[in-house]
Amino acid sequence: MKIRERILVFGGLALFFFAVTYAFWQEGEAKKIPTPVAKGPGENCVESREYMRENHMLLLNKWRHSSVRDGERIHVTPDGREFEKSLNTCFECHGSRGFCINCHTYAGAKPNCYGCHHEM
Amino acid sequence: MNENRREFIKKTGLGVLAGLGVASGIFPKSSFESAVASTTHEDSASGRRWGMVIDTRKCKDGCTKCIDACHEVHNVPDFDNIKDEIKWIWKSPYGNVFPGESAQFVSEETRERSYLALCNHCDNPPCVRACPTKATFKRDWDGIVAMDYHRCIGCRFCMAACPYGARSFNWRDPRPAIPKRSQAYPTRERGVVEKCNFCSERLAQGLQPACVAACPEGVLTFGDLNDPESEVRLLLEKNHTLQRRAELGTRPSVFYII
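Protein chains in written order, with the numbering used here: chain A, 1 to 120; chain B, 1001 to 1258.
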């Protein structure tokens, strides 16, 4: 093998490994999880912050099912507060799309709520 | 060897026949028969059953106040194109609304008038049986045939099943075609079926349906069909009424005074 060919082969390999491992050369940290803050008349949400962060979609599904199918339109929290089961109830404190979009963009979640529901 | 095989087949055959005989004794009806039986007339479920009486004698030709009110409240799009049309409540000629009724020597006045049509909120709704995702369902506590648009996959089986043409499909994105968007009620998306919901969202607030509230002539009367004292039942008691295509056994909750 001629020395010129060797340079080509090993140069190419070096370039390839650099390209593959490029991401690991970067300095830095993971992107911070956004923590949007609700502001509005209510002091506390229907459930704890931790629960809502993880399970708000399940709660919304439950609300939809029980209000539309069983006609139970009022949600009562364990400490006796009452809420109308409606996305509009959420919007009263959480604003609208701006609040949702923070984490959904971070998590790559693309729910289609606003295809039908109005942004407030 | 041959003899044994013949004996074996004979005995097995007899055994199967005997088994079938016993099974037919245990299950007297085939599943097909029981499916037919559920369409025959029977008393409606207990609880409320919302219904409507339409006094077509009072309905003014050319007036569309109820239609406008309904379509505004529920964000029903107006595409100005019959192929894309979405309708919750609309007016149709006599022959279209009552295809089974007498067509001979019907008075000119009856023939010429147009009649309000909307979802009948059947007591025995064929659309609910057709829906593969349970996106449409009958609420057994108030008789409303409701829809959960989240679950609708747009298969349109319900549209084929509905004998009244009360369901419309969103072929196009409805939002650009909504003249004035009402914030109190969501819109729909392309690819779902929609229809009249008897204003279940207004009933929950103790209001009358939008069409009933909008009619200046008192054509529409709304109430509980299961309550013998209700206004609708008194009207039904005093007048001869028609249900649309009653012969189908869907038991509509909308009644017409002709």
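Here a beta-carbon is modelled for each residue, glycine too, at the ideal position from N, C-alpha and C.
Comparing alpha carbon positions, the residue from B/Q1104, B/V1254 and B/W1171 closest to B/T1221 is B/V1254. Its chain contains R1151 and I1153 as the residues whose beta carbon lies nearer than 6 Å to that of B/T1133, once the 5 sequence neighbours on both sides are disregarded; these appear in chain order.
Within the same chain, D1055 and K1058 come within 8 Å of B/G1218 by CB-CB distance, once the 5 residues on both sides are set aside.
For the 9 Å CB-CB criterion, A/E82 and A/V76 form a contact. Closer than 9 Å to the CB of A/R73 there is at least one CB belonging to chain B.
Taking C-beta separations shorter than 8 Å and ignoring five residues to either side along the sequence, the partners of B/R1049 in its chain run D1123, D1142, G1143, D1224, L1225, N1226 and S1253, following chain order.
When the beta-carbon positions are compared, B/I1086 and B/P1093 stay at least 9 Å from each other. By the rule that beta-carbons nearer than 9 Å mark a contact, A/H118 touches chain B. Separation of B/E1072 and A/K32 (C-alpha to C-alpha, rounded to the nearest whole angstrom) is 44 Å.
DSSP, reduced to helix, strand and coil, places B/P1126 within a helical segment of the structure shown.
Sorting B/A1069, B/K1010 and B/L1014 by C-alpha distance to the C-alpha of B/P1216 places B/A1069 at the top.
A Cβ of chain B is located within less than 9 Å of the beta carbon of A/V68. Under the Cβ criterion of 9 Å, A/G95 is not counted among the residues facing chain B. Distance check between B/A1161 and each of B/L1236, B/L1020 and B/V1128 places B/V1128 closest, using alpha-carbon atoms only.
Within chain B, not a single residue places a beta-carbon under 8 Å from that of A/R53; the smallest gap is close to 22 Å.
Exclusion of the five residues before and after B/F1157 leaves A1130 as the residues of its chain whose Cβ lies within less than 6 Å of its Cβ. Closer than 9 Å to the CB of A/G115 there is at least one CB belonging to chain B. Only those residues of the segment 1126-1154 of chain B whose C-beta falls short of 8 Å from the nearest C-beta of chain A are listed: F1137, R1139, W1141, D1142, A1146, D1148, Y1149 and H1150. Residue burial is scored here from C-beta neighbours: B/G1051 has at least 16 other C-beta atoms within 10 angstroms and is therefore classed as buried. Spatial neighbours of B/I1178 in its own chain (CB-CB distance under 6 Å, excluding positions within 5 residues in sequence) are listed in chain order as N1075 and P1077. In the three-state reduction of the DSSP assignment, A/K39 falls in the coil class. With 16 or more neighbouring CB atoms inside 10 Å of its own CB, B/E1194 falls in the buried class. In this structure, A/C116 places its C-beta atom within 9 Å of the C-beta atom of B/R1188. B/E1194 does not reach chain A, its nearest Cβ partner there being about 11 Å away, counting only Cβ pairs nearer than 8 Å. Residue burial is scored here from C-beta neighbours: A/M120 has fewer than 16 other C-beta atoms within 10 angstroms and is therefore classed as exposed. Cβ neighbours of B/V1192 within its own chain (closer than 7 Å, five residues either side excluded): Y1149, C1152, G1154 and N1170. For B/I1026, there are no CB contacts under 7 Å within the same chain when 5 residues up- and downstream are skipped. In this structure, the CA atom of B/V1016 is about 14 Å from the CA atom of B/E1007. Per DSSP, the continuous alpha helix (DSSP H) segment holding A/M57 begins and ends at R49 to R64. Cβ atoms of B/I1089 and B/C1063 stay farther apart than 8 Å, at about 13 Å. Here the C-alpha atom of B/E1112 lies approximately 22 Å from the C-alpha atom of B/A1166. The Cβ of A/R64 sits closer than 9 Å to at least one Cβ of chain B. In the DSSP annotation of this structure, A/T89 is not part of any beta strand (DSSP E); the continuous alpha helix (DSSP H) holding it starts and ends at L87 to H94.
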